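The structure under discussion appears below in the form of structure tokens.
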Amino acid sequence: ELSEFDIRYESRKALKAQVLEDFVAEMTNQSSPTNGADKWTIFVDGASNATCAGAGIILENENGIMIEVSLALSFPTSNNQAEYEAFLAGLGLAEDMQAKEIKINTDSQLVASQVLGEYQAKNDNLSEYLTL
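Those letters in the sequence shown? Residues 1 to 132, per UniProt numbering, in order.
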């Protein structure tokens, strides 16, 4: 039916990390309400299945400014690896926003406990994330 109107579906392409950082840098200037906001709260979530994987990040500062980001991961990954990717992307964005203090929230008990040193990373793929 769509072909009669010359409409085609194109899937969204994944953003590269540098493109995302460039966007944040471009949107942040000296008069931006994000400047001077030292405290940021970050919410991260990652997910994967047999065909695709992704990560979602929400940053919110003390002034109520909210930044929402979703990433498509273009490599085979487990759910736990996707959670780590979301976690690290959230930290990178907080650094780009010049956050002085962050509180990061994840629904992954494994990632939270490994980052806090409460659990050991027995899987080599996951232990690599702890060295970053």
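No residue lacks a Cβ here, since even glycine has one placed at the ideal position from N, Cα and C. Just so we're clear, the structure is a prediction, and the values are computed from it rather than from any experiment.
Counting C-beta atoms within 10 angstroms of its own C-beta, ASP45 has 16 or more neighbours from the protein chains shown and is therefore classed as buried. A Cβ-Cβ distance of about 6 Å is found for the pair ASP38 and GLU101, placing them in contact under the 8 Å criterion. The closest CA to that of GLN109, considering only LEU73, GLU83 and PRO76, is found on GLU83. A distance below 8 Å between beta-carbons, with the five flanking residues on each side excluded, links GLN120 to the following residues of its chain, in chain order: GLN114. Taking all protein chains shown into account, GLY90 has 16 or more neighbouring C-beta atoms within 10 Å of its C-beta and is therefore buried.
Between THR41 and THR51, the alpha-carbon positions lie close to 31 Å from each other. Here ILE57 is actually not in contact with LEU116; their C-beta atoms are around 20 Å apart, not less than 8 Å.
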